[in-house]
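In what follows, a single structure is set out as C-alpha cells and then discussed.
Number of protein chains: 2
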Amino acid sequence: MEKLLDPALTVKLGDRSYPIYIEQGLFANKHIFDSIKSNQKVMIITNTTIEPLYLESIKTCLKDKTNNIQSLAIPDGEQFKSLETSNTIFTSLLEQNFSRDSILIALGGGVIGDLVGFAAACYQRGIDFIQIPTTLLSQVDSSVGGKTAVNHPLGKNMIGAFYQPQSVIIDINCLSTLPAREFSAGIAEVIKYGIIFDSDFFNWLERHIEKLMALDPVSLKYAIKRCCELKAEVVERDEKEQGDRALLNLGHTFGHAIEAQMGYGNWLHGEAVSVGMLMACETAIQLGCMKDEQKVRIQQLLAKAKLPIKAPDTMPIESYMPHMMRDKKVLAGKLRLVIPIGIGQATVKQEINQEIVIKAIESCL
Amino acid sequence: MEKLLDPALTVKLGDRSYPIYIEQGLFANKHIFDSIKSNQKVMIITNTTIEPLYLESIKTCLKDKTNNIQSLAIPDGEQFKSLETSNTIFTSLLEQNFSRDSILIALGGGVIGDLVGFAAACYQRGIDFIQIPTTLLSQVDSSVGGKTAVNHPLGKNMIGAFYQPQSVIIDINCLSTLPAREFSAGIAEVIKYGIIFDSDFFNWLERHIEKLMALDPVSLKYAIKRCCELKAEVVERDEKEQGDRALLNLGHTFGHAIEAQMGYGNWLHGEAVSVGMLMACETAIQLGCMKDEQKVRIQQLLAKAKLPIKAPDTMPIESYMPHMMRDKKVLAGKLRLVIPIGIGQATVKQEINQEIVIKAIESCL
Numbered sequence: 265m266e267k268l269l270d271p272a273l274t275v276k277l278g279d280r281s282y283p284i285y286i287e288q289g290l291f292a293n294k295h296i297f298d299s300i301k302s303n304q305k306v307m308i309i310t311n312t313t314i315e316p317l318y319l320e321s322i323k324t325c326l327k328d329k330t331n332n333i334q335s336l337a338i339p340d341g342e343q344f345k346s347l348e349t350s351n352t353i354f355t356s357l358l359e360q361n362f363s364r365d366s367i368l369i370a371l372g373g374g375v376i377g378d379l380v381g382f383a384a385a386c387y388q389r390g391i392d393f394i395q396i397p398t399t400l401l402s403q404v405d406s407s408v409g410g411k412t413a414v415n416h417p418l419g420k421n422m423i424g425a426f427y428q429p430q431s432v433i434i435d436i437n438c439l440s441t442l443p444a445r446e447f448s449a450g451i452a453e454v455i456k457y458g459i460i461f462d463s464d465f466f467n468w469l470e471r472h473i474e475k476l477m478a479l480d481p482v483s484l485k486y487a488i489k490r491c492c493e494l495k496a497e498v499v500e501r502d503e504k505e506q507g508d509r510a511l512l513n514l515g516h517t518f519g520h521a522i523e524a525q526m527g528y529g530n531w532l533h534g535e536a537v538s539v540g541m542l543m544a545c546e547t548a549i550q551l552g553c554m555k556d557e558q559k560v561r562i563q564q565l566l567a568k569a570k571l572p573i574k575a576p577d578t579m580p581i582e583s584y585m586p587h588m589m590r591d592k593k594v595l596a597g598k599l600r601l602v603i604p605i606g607i608g609q610a611t612v613k614q615e616i617n618q619e620i621v622i623k624a625i626e627s628c629l
Numbered sequence: 265m266e267k268l269l270d271p272a273l274t275v276k277l278g279d280r281s282y283p284i285y286i287e288q289g290l291f292a293n294k295h296i297f298d299s300i301k302s303n304q305k306v307m308i309i310t311n312t313t314i315e316p317l318y319l320e321s322i323k324t325c326l327k328d329k330t331n332n333i334q335s336l337a338i339p340d341g342e343q344f345k346s347l348e349t350s351n352t353i354f355t356s357l358l359e360q361n362f363s364r365d366s367i368l369i370a371l372g373g374g375v376i377g378d379l380v381g382f383a384a385a386c387y388q389r390g391i392d393f394i395q396i397p398t399t400l401l402s403q404v405d406s407s408v409g410g411k412t413a414v415n416h417p418l419g420k421n422m423i424g425a426f427y428q429p430q431s432v433i434i435d436i437n438c439l440s441t442l443p444a445r446e447f448s449a450g451i452a453e454v455i456k457y458g459i460i461f462d463s464d465f466f467n468w469l470e471r472h473i474e475k476l477m478a479l480d481p482v483s484l485k486y487a488i489k490r491c492c493e494l495k496a497e498v499v500e501r502d503e504k505e506q507g508d509r510a511l512l513n514l515g516h517t518f519g520h521a522i523e524a525q526m527g528y529g530n531w532l533h534g535e536a537v538s539v540g541m542l543m544a545c546e547t548a549i550q551l552g553c554m555k556d557e558q559k560v561r562i563q564q565l566l567a568k569a570k571l572p573i574k575a576p577d578t579m580p581i582e583s584y585m586p587h588m589m590r591d592k593k594v595l596a597g598k599l600r601l602v603i604p605i606g607i608g609q610a611t612v613k614q615e616i617n618q619e620i621v622i623k624a625i626e627s628c629l
C-alpha cells in the first residue's frame, strides 16, 4: 500500500517534464507527495462535490511532509471556471500569505484543473501545482499538457496560459464515485484519441467498451494510460499548439458552439464533443476523407458509451457559425476544422466551403 | 525621417529575443512596425491621457502595413491595473473576433505596459504584443524583461506572467509631454541602476542630472540605453527572477508598502522607490555594507531629481511590516531585502534583524 511509486509515463518537456502516476488506491499512498518539500505551504483547491469524498485522504497523505495545509472548496460547475473565481483563489492565497515557493493542488475534474492551473500560472507570476484529476475526462485530457484556462461569457477557455504541473496523480478508484453521465462524457474523449491517432486503440475500444462501462480496473488503466501517452506525444512535439496539437480539438469547434449556446454545464463537454465529432465525420465524408461505414462504427461506439449522437433540438442551425468563428483555431477570419481521415488519422483543414459545414451540422439535427 | 531602424540593443532570450529601439521621432517613422504582418489585426491599447497625444501618429505609422486597426483607451491611473480592466480588454478582443495571430500594442506608461502585457499573455493563452512606453519609468524599467502583471487589492503585481514583447519602441520626444513629477519618478529608477550595478553610471548621473532634468536628448538617450542594457543583462541571466533579477527590486519592498498603504497612485511608484532606496541604504549602513557618505551622495542625487527623501508623514511605522511580508521575495515566511553594497553593487539578504529594518524605516520619517 505504501510502496514507492513508478510513473505510468513521463511527459518530456525539458526542464518542465513531469510524471503521471496511474494506479488504483493512490489516495492512500503517501508517496504521491514525495516531491513536496518539508513543511512547504500547500493549498488544496477542490469543489464542494469532491471535498467530502477525497479531501481528508489527500490531507492525510500530505501530513508526513508538511503541516502547512490549507484548503478551499469552490462550488461545483463550469460556470465557476471564471476570472472571478480565479480572483477568489488569489484573495485566499494573499490573505494567507502564500509566497512563490508555495504549491497548489488541484483536486477535481477539468474545471478545477484548468482553473487552478491558471491561478498557479498567474499567482505571483507562477507557482508550482499538482494535478489530481478525479473525472475520466480530466484524467485523459485536461490534466496532461499544461493547457490552463478560464471561460469568458463570450467564449470558452479564452483566458489562459500554457503552464505545466509538477506531477499528475490519477487514482482509478475515484471513478467509482463519478456520475454515469460524466463517465460517458470522459469516454467521448477516449474514443477521440482512437479516431485521431490510433486505429488499433479504436479497435481495442470496440472490443472493450462494455468492460470500460462496467469500470473494469485493468481496462480502465490501459485506456487512461494509452490516452495520456498519445496526448503526451503530441504535447512533446507541439507544446504551444502551433501544429499537431490542434488535432486534439477534433469535434471541439462544433462542440464548443453547442456548449456556449446551451449554457456551459448544461451539455457536458464530452457530450458536446461526441456530437461535434460526428459533425466532423460528416464533413470528412463530404470532403472524401472518410467512408460512411467508418462514421457508422464511430457512431455505434459513441452510442454504446451512452453518449448523445444528435445535436440539442432546441439549438437553431444558424446559431452555430457565430460561435464557431470565435474558435481559437480561427486564423485571419478563416474557420479551420479538424477533419478525421478514416479512423486513426486526422488533419486540420481551412477554407472549407461553408455549405459543407452547414450540411454536416444538419446531418446531426 | 523614414530610414530603416537599428535597434539600440537586443534582449537575448533565445526564441523570445526582441529588439529595443531608442530614438527621437520614432512615432513618425513607419519602420517601427516592419514586424507587423500585412493586414494583421492590431489592437492599440492606451489610456485617456496618451490617446489624444499619440494615438493618431501610431495609427498613421501602422497604416502602411494593415487596415485592421482597433484601439481601446483605458482611464488613466494605477487603480485600473486590475483584473477587471484585463477583462475589459478580453471582452473588447472577443467582441471584435481577435484571434491568436492578432497583435496588441501597449501605448502608455508602466500601467498600460504591465496590463496589456498580461492581457497578451492570457488572451487565448498568449498573443504577440509590442511595447511603446511613453514614460521614463516604463522606458527604463517595466517595458524591458517581460514582467507583466495586474494589482490585487491585497498586493501590487500579485497576478501576472513572465511574457516577452515582440519589440520595444522608445521615442524620447514623448518625454516632453510627461508631467515633471512623473519624469522625476522615472529618474528614481535610473538612479537605482547606478546604485545596484554600475558606479561609473552613478558618477555620470551625478554629473548629468541637471541636463537630464532639462530633457537634453543626448543625455536622455544615453541614460535610457544604459538602463535598458543593464536590465537586459540581468534578464538574460535570470529571466524568471530566481536569482540576480531580484536585485532590481532595490527599495521596492519598502516602496510597495508605501504605495499599498497610501493607495496606489497617490504616491507614484518612483517616489515610493526613492524613499524605499534610502531605507535600504540605511539598512545597509546598519549591516556595515555602506558608508554614511555614500548614502548622502544618493540622497543628494535623489533630491536634485526632485524626488521625496522622507516617508509619507501620515503613514504609521507599524503599518510597514504587514505590507512588506506580502512581498513576492518573501520565502517560507522570511523577509528578504535587496541591500546595496556601497554604490555599484547589491545583494539579497534574508533573516535581517527586524529591529534594524524598523530603525531604517524610522530614519526616513
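Listed in order, the protein sequences are those of chains A and B. The first sequence begins at 265 in my numbering and counts up by one. The second sequence begins at 265 in my numbering and counts up by one. Cβ coordinates follow ideal geometry from the N, Cα and C atoms, glycine included. Here the structure is a predicted model, which is why all the values come from computation and not from measurement.
- For the C-beta of A:K411, the chain B residues within less than 8 angstroms are, from N- to C-terminus, R389.
- Per DSSP, A:F461 is one residue of the alpha helix (DSSP H) stretching across A444 to F461.
- Against chain A, a Cβ distance below 8 angstroms from B:R561 picks out nothing, because the smallest value is about 34 angstroms.
- Of the residues A:I433, A:Q288 and A:A385, the one whose Cα lies closest to the Cα of A:V414 is A:A385.
- Beta-carbon to beta-carbon, B:V498 and B:R490 are separated by about 13 angstroms, too far to satisfy the 8 angstroms threshold.
- Annotated three-state conformation of A:E470 is helix, per DSSP.
- In this structure, the beta-carbon distance from B:G381 to B:Y318 does not fall below 8 angstroms.
- From the listed residues B:K411, B:P271, B:M526 and B:I396, the smallest Cα separation to B:E500 is found for B:K411.
- Residue B:Y584 holds the alpha-carbon nearest to the alpha-carbon of B:G540 among B:L371, B:I433 and B:Y584.
- The stretch 270-286 of chain B makes no contact with the stretch 307-325 of chain B, as fewer than three CB pairs between them are under 8 angstroms.
- Only residues of its own chain outside the window of five on either side were considered, and among them I603 and I605 have a CB closer than 7 angstroms to the CB of B:T611, listed in chain order.
- In the DSSP secondary-structure assignment, B:Y285 is bridged to B:I433.
- The alpha-carbon separation between A:V404 and B:L542 amounts to approximately 54 angstroms.
- Runs of the beta strand (DSSP E) lying entirely within the stretch 519-602 of chain B, each at least 3 residues long, are absent.
- Cβ proximity to chain B below 7 angstroms picks out M589, R590, K592, V594 and L595 from the stretch 569-595 of chain A.
- Closer than 8 angstroms to the CB of A:L418 there is at least one CB belonging to chain B.
- Proximity to B:T349 across B:L379, B:E359 and B:N332 peaks at B:L379, based on C-alpha coordinates.
- Pairing A:L326 with A:I353 gives a Cβ-Cβ distance that is not under 8 angstroms.
- Scanning chain B for C-beta atoms nearer than 8 angstroms to the C-beta of A:I620 yields nothing, as the closest lies near 22 angstroms away.
- Within 10 angstroms of the beta-carbon of B:A444 lie fewer than 16 other beta-carbons, which makes it exposed.
- B:C628 and B:I573 have their C-alpha atoms some 7 angstroms from each other.
- Interface annotation, A:E615: not in contact with chain B, CB-CB separation never under 8 angstroms.
- Contact check for B:T398 against B:G372 passes: the beta carbons are separated by less than 8 angstroms.
- Closer than 8 angstroms to the CB of B:L494 there is not a single CB belonging to chain A.
- In this structure, the straight-line span from the alpha carbon of A:I391 to that of A:G374 is close to 19 angstroms.
- DSSP places B:I309 inside the beta strand (DSSP E), whose first and last residues are V306 to N311.
- Against chain A, a Cβ distance below 8 angstroms from B:M422 picks out F354, L358, Y387 and Q388.
- In terms of Cβ geometry, B:I522 and B:M589 do not form a close pair [threshold 8 angstroms].
- Excluding residues up to 5 positions away in sequence, A452, L566, L571 and P572 lie with their Cβ nearer than 6 angstroms to the Cβ of A:S538 in the same chain.
- Of the candidates A:I376, A:N331 and A:I369, A:I376 places its Cα closest to the Cα of A:P339.
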